[in-house]
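Novice:
Chains as they are written, first to last, in this note's numbering: chain A, 345 to 707; chain B, 768 to 1093.
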């Protein structure tokens, strides 16, 4: 039976500019000012070094479990760097480096993972949503924010992050669908780090790419080398500009790798092979970017060494100050704050109960 | 003052509030050009346009998550879930985010949204269209749950719900939607959330109810007056959470006898919380055990058996008589 083929927008492109050997494609090389290049590098370095330090703190019992970002620095920094401060940033829970770029203090990162609600505080100047843990649930919030921006005739954009696992969740699909229908100024950044705890990407979905899922909802999807900060930046910039100009949503799939554990309570040796990890070590985002910067005369060995020292100091100071601050925190009565605008009577009673109990214990 | 049904009263509240405050946005399935399957949002899209009255795709979690995002930006979304029985798709978004974002962000964000849904039985509907699960929502810290009983209080409570800075679940008893008309003032009128009302004063027994069952309770009270000369005090809770226990614990201290009435299943229902508060605050004044007249701990049956499932005036009267005889 003769069939007519329906013309679908079913093309996904792959973008790579700076390869794993530090060689750049001159045709595609973006025109990023030197200052910004160095800022990107510093942010990636800070993300990595802080991540390493946090892991140490966790092993020493000075912090609780968290989700390391090691290996994914380019994927998140390259994307988030294309936002204006007035744009909105919606993280999942593996975007620590991007959070720092967006103004979150190291202190708050540590406080949150050390179990202090104060770590979740967000300065009123920052258009950042808090860390979201239920996988994929935050994507809808970004779309709602975007709709509101359009409604208020603002030229803002919302950028939301999520992983490969999230693309199996219903909320991901509902969010992309709403974004397509309402043409919201949303940039969807998928950090495909190839593992959702122990489930490899190939078992998460039968789709050849994750980016193609956007096409089903009427939005363009592009796949990029997620360890190539230039490619991520370029793709994200295009997506942000499209959104800002009223051209609707875009999905960017960043191919990267979760070099470390899912969270510190995980043991990857149980489900994946060391060879694979080694293979991805050869594709490291920082090493290739440093080569690129060196070739451009922007980063000498001495400068790199000085930067490492500077970052080490910054982290040390932040850790010291945070642990000092922790001593002042922890008043149990504070847990009654911020549930509602005003405490309703039954909660006032419960707070009073705890207050009396604490007074008794204090005697 | 005009006499209107609950549907018309809620419609009035939406029209007036959207006129007054352009941050109010209405969204849901079929709420726009169809005016809502119960016509509650009738006329809004013609007046306020498609940007403010949004016909969404068929996705309850999407509707609520999307509303959360809008609310975080500073809008006041009033989303509709077509029947409360379909709200569970969205329960995760409510529990994990709407209820928590103020707390999670240390007050930086809050979620001033309203989720409206027709709820409850008594209209000969299909499965899933007669649910009463307010207890599940009430057990979720960070949410507020409001259930009006008539046109006037529905309009007044909805205005307060829309203006509340925190997420409010507004369950509308569909059995009351067009059951009767009541005078509702044209000028704006509000009722505070978290406050019950004494609807009928009495000295012999306290009857506590809400939603459609308030009317069965009032009928029972009227019959008891005629048949037994019993003067029941009837309290309409209006807000399930935060629960106002001052009125009913005070009433219990006066009458010494209490019967709680709701159509939701008995075990772990809102009545259980009412009884607990009474025991905590009015124990020494109680002359009899507190009775609950409720739906059975079952899925509400399809409509051939619906009437016998739901609390009736007769069933309430029986419980009251037993309480008085104790």
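For glycine and all other residues, C-beta sits at the position ideal for the given N, C-alpha and C.
Name, in chain order, the residues that DSSP records as bridge partners for residue 597 of chain A.
Specialist: The residue you call residue 597 of chain A lines up with position 253 of the first chain. Answer is A:534, A:567, bridged to residue 597 of chain A.
Novice: Give the list of continuous alpha helix (DSSP H) stretches no shorter than 4 residues that lie fully inside the region 413–474 of chain A.
Specialist: Whole alpha helix (DSSP H) segments, 4+ residues: 417–424, 440–445, 450–457.
Novice: Can you tell which of A:514, A:535, A:697, A:574 has the C-alpha that lies nearest to the C-alpha of residue 366 of chain A?
Specialist: Taking the first residue of the first chain as position 1, residue 366 of chain A is located at position 22. That would be A:574, whose Cα lies nearest to the Cα of residue 366 of chain A.
Novice: Is residue 967 of chain B helix, strand or coil when you go by DSSP?
Specialist: Translated into positions along the second chain, residue 967 of chain B becomes position 200. In this structure, residue 967 of chain B counts as strand in the three-state DSSP scheme.
Novice: Under the rule that 16 or more other beta-carbon atoms within 10 Å means buried, what is residue 469 of chain A, buried or exposed?
Specialist: For the purposes of this step, residue 469 of chain A is taken as the residue at position 125 of the first chain. The residue in question, residue 469 of chain A, is exposed, as its Cβ has fewer than 16 Cβ neighbours within 10 Å.
Novice: Indicate whether residue 839 of chain B and residue 876 of chain B have their beta-carbon atoms separated by less than 8 Å.
Specialist: Residue mapping note: residue 839 of chain B aligns to position 72 of the second chain, counting from 1. Residue mapping note: residue 876 of chain B aligns to position 109 of the second chain, counting from 1. Contact flag set, yes.
Novice: Is residue 1028 of chain B closer than 8 Å to residue 1078 of chain B when the C-beta atoms are compared?
Specialist: On the second chain, residue 1078 of chain B is found 311 positions in, with the first residue counted as 1. On the second chain, residue 1028 of chain B is found 261 positions in, with the first residue counted as 1. Yes, the pair counts as a contact, with Cβ atoms nearer than the cut-off.
Novice: Closer than 9 Å between beta carbons: that is the criterion. Which residues of the region 828–858 of chain B meet it against chain A?
Specialist: Within the region 828–858 of chain B, the qualifying residues are 828, 829, 830, 831, 832, 833, 834, 835, 836, 837, 838, 839, 840, 841, 842, 844, 856.
Novice: If you compare alpha carbons, which of B:1056, B:1041, B:872 is closest to residue 1090 of chain B?
Specialist: Taking the first residue of the second chain as 1, we reach residue 1090 of chain B at position 323. Per the Cα distances, B:1056.
Novice: For the 8 Å Cβ check, are there 3 or more pairs between the region 826–835 of chain B and the region 844–859 of chain B?
Specialist: Contact holds: three or more Cβ-Cβ distances are below 8 Å.
Novice: On a Cα-Cα basis, can you pick out the residue from B:865, B:951, B:953, B:978 that is closest to residue 836 of chain B?
Specialist: In the second chain, the residue the question calls residue 836 of chain B occupies position 69. Answer by Cα proximity: B:865.
Novice: Determine the burial state of residue 789 of chain B: buried for a count of at least 16 other Cβ atoms within 10 Å of its Cβ, exposed for fewer.
Specialist: Sequence index remark: in the second chain, residue 789 of chain B carries index 22 (1-based). Label assigned to residue 789 of chain B: exposed.
Novice: Is it the case that the CB of residue 690 of chain A approaches a heavy atom of the ligand MN more closely than 7 Å?
Specialist: Although the ligand MN was asked about, the structure shown includes no ligands whatsoever.
Novice: Can you have a look at residue 634 of chain A and say buried or exposed, based on whether 16 or more other CB atoms are within 10 angstroms of its CB?
Specialist: Numbered from 1 along the first chain, position 290 holds the residue referred to as residue 634 of chain A. By the neighbour-count rule (16 or more Cβ atoms within 10 Å), residue 634 of chain A is buried.
Novice: According to DSSP, is residue 1034 of chain B helix, strand or coil?
Specialist: The count along the second chain starts at 1 and reaches residue 1034 of chain B at position 267. In this structure, residue 1034 of chain B counts as coil in the three-state DSSP scheme.
Novice: What are the residues in the region 666–687 of chain A lying within 7 Å of chain B by C-beta distance?
Specialist: Cβ contacts with chain B: 682, 683, 684, 685.
Novice: What residues in its chain sit with their C-beta under 7 Å from that of residue 684 of chain A, if we drop five residues either side in the sequence?
Specialist: Taking the first chain and counting its residues from 1, the one referred to as residue 684 of chain A is at position 340. Nothing meets the Cβ criterion.
Novice: Scan the region 772–840 of chain B and note each continuous alpha helix (DSSP H) run of 4 residues or more that stays entirely inside, going in chain order.
Specialist: Listed in chain order, the complete alpha helix (DSSP H) runs (minimum 4 residues) inside the region 772–840 of chain B are 773–787, 811–815, 827–840.
Novice: Taking the DSSP output, what are the residues bridged to residue 770 of chain B?
Specialist: As a first step, residue 770 of chain B is located in the second chain; it is residue number 3 there, counting from the start. Per DSSP, B:950.
Novice: Please go through the same chain and pick out, in chain order, the residues whose beta-carbon is closer than 8 Å to the beta-carbon of residue 644 of chain A, but skip the five residues on each side of it.
Specialist: On the first chain, position 300 is the one that residue 644 of chain A refers to. If we look at residue 644 of chain A and ignore the five residues flanking it on each side, its Cβ neighbours are 638.
Novice: Please determine if the region 482–494 of chain A and the region 525–540 of chain A are in contact, where contact requires at least 3 C-beta pairs separated by less than 8 Å.
Specialist: Judged by Cβ distances under 8 Å, the region 482–494 of chain A makes contact with the region 525–540 of chain A, as three or more pairs qualify.
Novice: Using a C-beta to C-beta distance shorter than 9 Å, which residues of chain B count as neighbours of residue 486 of chain A?
Specialist: Translated into the one-based positions of the first chain, residue 486 of chain A becomes position 142. Chain B residues near residue 486 of chain A: 836.
Novice: So, are the CB atoms of residue 1061 of chain B and residue 1080 of chain B less than 8 Å apart?
Specialist: Taking the first residue of the second chain as 1, we reach residue 1061 of chain B at position 294. Taking the first residue of the second chain as 1, we reach residue 1080 of chain B at position 313. Taking 8 Å as the Cβ cut-off, residue 1061 of chain B and residue 1080 of chain B do not qualify as a contacting pair.
Novice: Can you find a CB in chain B that lies within less than 8 Å of the CB of residue 410 of chain A?
Specialist: In the first chain, residue 410 of chain A corresponds to position 66, counting from 1. Not closer than 8 Å to any Cβ of chain B, the Cβ of residue 410 of chain A fails to qualify, so no.
Novice: With burial defined as no fewer than 16 other Cβ atoms inside 10 Å of the residue's Cβ, what is the status of residue 768 of chain B: buried or exposed?
Specialist: Against the second chain, residue 768 of chain B aligns to sequence position 1. Exposed: under 16 other Cβ atoms inside 10 Å.
Novice: Less than 8 Å between the beta carbons of residue 569 of chain A and residue 599 of chain A, yes or no?
Specialist: Locating residue 569 of chain A in the first chain gives position 225, counting from the first residue. Locating residue 599 of chain A in the first chain gives position 255, counting from the first residue. Yes, Cβ-Cβ distance for residue 569 of chain A and residue 599 of chain A is below 8 Å.
Novice: Can you tell me whether residue 776 of chain B is buried or exposed? The criterion is at least 16 other CB atoms within 10 Å of its CB, across all chains shown.
Specialist: Taking the second chain and counting its residues from 1, the one referred to as residue 776 of chain B is at position 9. Its Cβ being crowded by 16 or more others within 10 Å, residue 776 of chain B is buried.
Novice: Just checking: is the beta-carbon of residue 473 of chain A within a distance shorter than 8 Å of some beta-carbon in chain B?
Specialist: Taking the first residue of the first chain as position 1, residue 473 of chain A is located at position 129. For residue 473 of chain A, the answer is yes, since a Cβ of chain B falls inside 8 Å of its Cβ.
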